[in-house]
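The sequence shown begins at 19 in the numbering used here and counts up by one. First up is the structure itself, then whatever we jot down about it.
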Amino acid sequence: MGETVVSVERVINAPAADIFAIVADASRHPEIDGSGSVKQVKPGAPERLALGSTFGMSMKLGVPYSMSNKVIEFEPDKRIAWQTTFAGPLGRLIGGRIWRYEFEASGSGTLVRETWDITQD
């Protein structure tokens with residue numbers, strides 16, 4: 019069986035506040051998705067995510083599908099995480115993975131750590 023928590027890190031030459039602003043805007047998630055599966059935010063998402071915010075995302079990995087997300091961690095410019103489930107009835111059975119982004123000052127830039135946590139999936 020594979021890893022249940024995987025993290026990657028990269029130093030980005032920008033202030034944490036600027037990077038956090040992109041991640042806290044669900045409409046910009048297709049820009050930061052490395053898989054190409056995140057297509058667009060569903061109508062009704064807040065302009066800026068906050069603790070407890072919910073938002074839907076249109077996805078496609080071979081076939082189109084939707085995910086529901088809830089922000090479960092939120093510390094401005096330092097940390098944000100959301101937990102995903104399938105939209106609709108499948109969400110009661112499938113989901114629970116967590117996407118987390120952490121931001122730390124690093125020289126003249128910011129160390130960004132992205133974590134994929136499937137311990138609750």
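Idealized CB from N, CA, C, for every residue including glycine.
Residue i to residue j span [Cα, whole Å]
i: Q101; j: I30; result: 25 Å
i: G106; j: G125; result: 45 Å
i: A123; j: R131; result: 12 Å
i: D51; j: A35; result: 19 Å
i: I13; j: T137; result: Examination of residue 13 is not possible in this model, given that the chain is present from 19 through 139 alone.
i: E93; j: I37; result: 13 Å
i: S76; j: T103; result: 12 Å
Simplified DSSP assignment, three categories, for residue i
i: A42; result: coil
i: P82; result: strand
i: M19; result: Note that M19 has pLDDT 47, beneath the 50 cutoff, so the model's placement of it is unreliable and the number below is only indicative. Of the three classes helix, strand and coil, the one that applies to M19 here is coil, per DSSP.
i: G52; result: coil
i: Q99; result: Reading off the sequence, residue 99 comes out as Ala, not Gln. It is a strand residue.
i: G74; result: strand
Test item: CB-CB of residue i and residue j under 8 Å
i: G127; j: A39; result: no
i: D95; j: R66; result: no
i: I98; j: V59; result: no
i: S45; j: A63; result: yes
i: G114; j: V89; result: no
Span of the beta strand (DSSP E), counted from its first residue to its last, around residue i
i: D135; result: G127 to D135
i: E120; result: G113 to S124
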